[in-house]
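Report on the following structure.
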Amino acid sequence: MKVYIETYGCQMNVNDTEVVFSILARKGYERTEDIAQADVIMANTCSIRDNAEQRIWGRVDYFSGFRKARKGVLVGILGCMAERLKDALLDTGKVDVVAGPDAYRNLPELLTAAREGHPQMDVILSREETYGDISPVRIDKNGVSAFISIMRGCNNVCSYCVVPYTRGAERSRDWRTIVREACDCFASGYREVTLLGQNVDSYLYEDVNFAALLGKVADVSPLLRVRFSTSHPKDISDEVIAMMAGKPNICHQIHLPVQSGNDRILEKMRRRYTRAWYLERVAKIREAMPDCGISTDAIVGFCSETEEEFRDTLSLFREVGFDSAFMFNYSERPGTLAARNYPDDVPAEEKTRRLNELIELQNGLSLESNRRDLGKNFEVLVEGPSKKGSGQLCGRNGAGKMCVWTDSTHKAGDYVYVKVTDCSSATLLCELIENQ
Ligand code: SAH
Ligand code: SF4
Ligand code: F3S
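Under this note's numbering, think of the first position of the sequence shown as 52, with each following residue one higher.
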């Protein structure tokens, strides 16, 4: 049996797909990247914004073509959209299996039962499941950088966000299985791990908090780089910042989603910090690590956001000078606190105007940030040939910036030193420094 899986959404979904491949491999399923060869076609889905779901509906139609064309082909929907829409997916008549994020251990049984002609669904959320004992089958191609989920779910209930409903309550994975997985990664050639959670700073297993976990993973090998995502501004602690500053192989990069620069909107979003608090955290990070890359997420056009309040987001972006950012129009998600309590009243055109203005500002800030690096030297982990090819390699510096340089002597997994000679808003163009 061959199984094909398309993955949408966040890095955690990528890691979940790896867990699914591992669970299915034990039952004899083989992975294929050719949909036409597949006996089982699945999408691991995302519900974070309406357009994410719309894209997946298109894929369901596409998959159903293969299901009609060849007898016995099964279509499965996994992940957050499976959890949110449940029966509505089966009701299309185009889907055989619906499995939520905590139901993957049951997938082999669900597929077997579906093969008998009975559509199957398991969307039960768990308080314990962390897939801690499962070694993911890595699907990333470079063999250098791996994702490790350290926790699942979220307890924050930000008013706009669907994740607590699709992923359930927060739970931390046994730190021993995390350290073991990092060791396995290193032994099989990986040189970087990214620890994943919706709010990594609230990691706690027995007496091991996130700072302690970072230390344990960093101790696996000085040659293993450690990154993590996502930090919640209300929870990122001085202890975590100190741990990052103290261990050379913990990369100086923090993804710190601000969402808005205005206190009334932050309150309405239930983010539970203020603009001043956020700016203080950034100052603290920069004091401890002046070279720390800081990126963010922001939402524009949240319920009742005025032009002036949006301007506060622009001014916060300028004040911080983010290295990069993901920026989104607010998308109302059914069932969330915001959907139940506040009208989605910023017109679509106005959201898009604000979004474009913010993106334009950030493009300039990214370019400024990269220009500040001109002439600097960085240690970079080689990820492989650059997309443009032509004898160039690419890899990231500690701050998470993509570097590209001409090189015929190194390979993926090597550490090299480069000097920045030029840049765009997205990339540092570098030259190799010999003998370092
Ligand atoms: N746990 C992370 C966020 C995960 S979702 C955190 O708390 O920061 C990734 C990003 O999607 C969020 O940071 C937010 O900017 C965006 N997002 C979430 N819900 C959204 C919605 N309803 N509309 C638009 N963007 C949304
Ligand atoms: Fe969503 Fe907030 Fe949890 Fe992030 S912290 S996943 S934005 S509820
Ligand atoms: Fe999307 Fe679910 Fe991740 S909604 S962003 S796939 S947690």
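We put the CB at the ideal spot given by N, CA and C, even for glycine.
Thr457 - DSSP class collapsed to helix/strand/coil: Three-state DSSP puts Thr457 in a strand.
Thr163 versus Val149 - alpha carbon distance: Using only the alpha carbons, I get a separation of about 13 Å.
Go ahead and pull the three-state DSSP assignment for Ala154. Coil, per DSSP.
Suppose you measure from the CA of Ser200 to the CA of Arg222; what does that come to, to the nearest Å? Using only the alpha carbons, I get a separation of about 11 Å.
Below 6 Å from a heavy atom of ligand 3 - residues by beta-carbon: This selection yields Gly60, Cys61, Met63, Asn64, Cys97, Ser98, Ile99, Gly130, Cys131, Val213, Val214, Thr217, Arg218.
Helix, strand or coil for Ser346 per DSSP? Look at Ser346 here: in three-state DSSP terms it is strand.
Compare the C-alpha of Thr478 against each of Leu425, Thr460, Gly442 and name the closest. Answer by Cα proximity: Leu425.
Any non-hydrogen atom of ligand 1 closer than 8 Å to Glu383 Cβ: Indeed, a heavy atom of ligand 1 lies less than 8 Å from the Cβ.
Should Asn313 and Arg326 be called a contact, given that it needs their Cβ atoms to be closer than 9 Å? With contacts defined as CB atoms closer than 9 Å, Asn313 and Arg326 qualify as a contacting pair.
If I measure Cβ to Cβ from Arg100 and keep anything under 7 Å in the same chain, skipping five residues before and after, which residues do I get? Around Arg100: Phe379, Ser382.
Return yes when the C-beta of Asn392 is under 8 Å from any heavy atom of ligand 2, and no when it is not. No, the beta carbon of Asn392 sits no closer than 8 Å to any heavy atom of ligand 2.
Roughly how many angstroms lie between the CA atoms of Ile86 and Gly144, to the nearest whole one? Their Cα atoms are separated by approximately 20 Å.
For a test of the three-state rule: what should DSSP assign to Ser288, helix, strand or coil? Residue state, collapsed to three classes: coil.
Note the first and the last residue of the continuous beta strand (DSSP E) segment covering Phe198. Start and end: 196–200.
I need the DSSP call for Leu307, collapsed to helix, strand or coil. Note: Leu307 maps to coil in three-state DSSP.
Helix or strand or just coil, what does DSSP make of Lys53? Strand, per DSSP.
Figure out for me which residue from Asp374, Leu406, Arg322, Arg224 has the closest Cα to the Cα of Arg423. Nearest Cα to Arg423 within the set Asp374, Leu406, Arg322, Arg224: Asp374.
Who pairs with Tyr468 in a beta bridge, going by DSSP? Paired residue(s): Glu430.
Does the beta carbon of Ala349 fall short of 8 Å from some heavy atom of ligand 1? Flag set: Cβ of Ala349 near ligand 1.
What first and last residue would you give for the beta strand (DSSP E) that runs through Ser280? Per DSSP, Ser280 belongs to the beta strand (DSSP E) from 276–280.
Quick check on the burial criterion: 16 or more other C-beta atoms within 10 angstroms. Buried or exposed for Ile175? Exposed.
So Met132 is in the alpha helix (DSSP H); what residue range does that whole segment cover? Residues 130–136.
Give the DSSP bridge partners of Gly127, in chain order. Under the DSSP definition of a beta bridge, Gly127 partners with Met93, Val148.
Take every Cβ of the region 56–70, pair it with every Cβ of the region 114–132, and state whether three or more of those distances are shorter than 8 Å. The region 56–70 is in contact with the region 114–132.
Compare the Cα-Cα distances from Leu141 to each of Val251, Met202, Tyr329, Asp173 and report the closest residue. Per the Cα distances, Asp173.
May I ask which residues mark the beginning and end of the beta strand (DSSP E) holding Gln171? Per DSSP, Gln171 belongs to the beta strand (DSSP E) from 171–173.
I need the straight-line Cα distance from Asp112 to Leu125, nearest angstrom please. Between Asp112 and Leu125, the alpha-carbon positions lie close to 13 Å from each other.
Start and end residues, beta strand (DSSP E) containing Gly204: Where Gly204 is concerned, there is no enclosing beta strand (DSSP E), because DSSP gives it neither an H nor an E.
Please report the Cβ distance between Ser366 and Leu418, rounded to the nearest whole angstrom; I am assuming they are in contact, meaning their Cβ atoms lie under 8 Å. Not quite, the Cβ-Cβ distance comes to about 19 Å (not below 8 Å), so this is no contact.
Where do the N-terminal and C-terminal ends of the alpha helix (DSSP H) with Ser417 fall, by residue? Counting along the chain, the alpha helix (DSSP H) containing Ser417 begins and ends at 399–422.
Locate the alpha helix (DSSP H) running through Thr478, then write down its first and last residues. First-last for Thr478: 478–483, but that is the beta strand (DSSP E), not the alpha helix (DSSP H).
Please indicate yes or no: does the CB of Asn207 lie closer than 8 Å to some heavy atom of ligand 2? Taking 8 Å as the cut-off, one finds at least one heavy atom of ligand 2 near enough to the beta carbon of Asn207.
How would you label Gly344, buried or exposed, when you count the other beta carbons within 10 angstroms and need 16 or more for buried? Buried.
In whole angstroms, what is the alpha-carbon distance linking Gly168 and Arg82? C-alpha of Gly168 to C-alpha of Arg82: approximately 23 Å in a straight line.
If you count every other CB in all the chains shown that lies within 10 Å of the CB of Thr281, and 16 or more means buried, which is it? Buried is the call here.
Pairing CB atoms from the region 404–418 with CB atoms from the region 216–233, are three or more of them under 8 Å? Between the region 404–418 and the region 216–233 there are fewer than three inter-stretch CB-CB distances shorter than 8 Å, so the stretches are not counted as touching.
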